[in-house]
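Note sheet for the following structure.
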Ligand code: HEC
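Residue numbers (my numbering): 32 to 239.
The structure is reproduced here in structure tokens:
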């Protein structure tokens, strides 16, 4: 009595297998018109995707990267600090006096860093740093090429060759980006309004 059952099960299995292979073939049977459209040309890609127009991609990355938090002067408004869009990314304003830093107030058990109203000047155990002018003016990144920019973010050295870049500049995070994304950031920075603004040099503890 066992044998017919086995045969029946085997027959059912093969029917199901045939149905399965039919349904597996079904998508291939769709007419060519149902295929997705051909890939768009690179320039038409949205800024969220690598390979997009470099200036648009760069803007997307600069906004995400929070560069303006430190590199754009602020306005004090009734709603708190706002970006001064008339001098976007122009760094610590040269006309904002910075009193001699009081490093004595810093301690490992207490506060280890402080900043000014613009969030462009920072004091910490490393000394005092001023956010750089990132606009294409001669007082900003005017003399930089995209390879200078990439070398800076990869090495953490000023212009890729000079002194160590100090906190709180997050060069390590930028250095983790692809060359193309760094080039896109640089392309966007080159496209913003040039602002003439000489940012003071950093003061390290050994200098005072
Ligand atoms: C938390 C604050 C902060 C943020 C956010 C920030 N920076 Fe900076 N950045 C600084 C400071 C401060 C300096 C100056 C550091 C020094 O003098 O060593 C600096 C310096 C630089 C320099 C000059 C480096 C050199 O070789 O001298 C470049 C270029 C730069 N930042 C680009 C950017 C870009 C692009 C972004 C956004 C993706 C960004 N920064 C985000 C604070 C910041």
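Where a beta carbon is used, it is the ideal one built from N, C-alpha and C, also for glycine.
Keep in mind that this is a model prediction, so the values were computed, not measured.
Identity of the residues DSSP links to residue i by a beta bridge
| i | result |
| --- | --- |
| residue 108 | 111 |
| residue 146 | 153 |
| residue 158 | 155 |
| residue 188 | 195 |
| residue 234 | 159 |
Integer-rounded CB distance, given that residue j should sit under 8 Å from residue i
| i | j | result |
| --- | --- | --- |
| residue 216 | residue 93 | 6 Å |
| residue 182 | residue 122 | With a Cβ gap of about 20 Å, residue 182 and residue 122 do not count as contacting. |
| residue 120 | residue 165 | 4 Å |
| residue 229 | residue 170 | 5 Å |
| residue 205 | residue 213 | 7 Å |
| residue 104 | residue 124 | 5 Å |
Rounded separation between residue i and residue j - CA only
| i | j | result |
| --- | --- | --- |
| residue 157 | residue 112 | 26 Å |
| residue 210 | residue 90 | 16 Å |
| residue 199 | residue 153 | 8 Å |
| residue 15 | residue 236 | Shown here, the chain extends from 32 to 239; a query on residue 15 therefore has no answer. |
| residue 190 | residue 85 | 21 Å |
| residue 114 | residue 139 | 31 Å |
| residue 234 | residue 78 | 38 Å |
| residue 231 | residue 134 | 18 Å |
| residue 192 | residue 186 | 8 Å |
| residue 225 | residue 161 | 18 Å |
| residue 144 | residue 175 | 30 Å |
| residue 102 | residue 146 | 13 Å |
| residue 167 | residue 180 | 13 Å |
| residue 188 | residue 117 | 29 Å |
| residue 142 | residue 223 | 35 Å |
| residue 203 | residue 108 | 33 Å |
| residue 97 | residue 129 | 23 Å |
| residue 87 | residue 75 | 11 Å |
| residue 177 | residue 218 | 8 Å |
| residue 240 | residue 95 | The displayed coordinates of the chain run from 32 to 239. Any statement about residue 240 would go beyond what the structure contains. |
| residue 173 | residue 201 | 21 Å |
Any non-hydrogen atom of the ligand HEC within 7 Å of residue i CB
| i | result |
| --- | --- |
| residue 160 | yes |
| residue 183 | yes |
| residue 189 | yes |
| residue 199 | yes |
| residue 163 | yes |
| residue 240 | Absent from the model: residue 240. The displayed extent of the chain is 32 to 239, so no value can be given. |
| residue 215 | no |
| residue 169 | no |
| residue 212 | no |
| residue 126 | no |
| residue 129 | no |
| residue 177 | no |
| residue 173 | no |
| residue 154 | no |
| residue 205 | yes |
| residue 94 | no |
| residue 97 | yes |
| residue 218 | no |
Proximity test, Cβ basis, 8 Å: residue i and chain B
| i | result |
| --- | --- |
| residue 199 | The structure shown has no chain B; it contains just one protein chain. |
Heavy atom of the ligand ADP within 7 Å of residue i beta-carbon
| i | result |
| --- | --- |
| residue 99 | Absence of the ligand ADP from the depicted structure is noted, with the ligand HEC being the only ligands included. |
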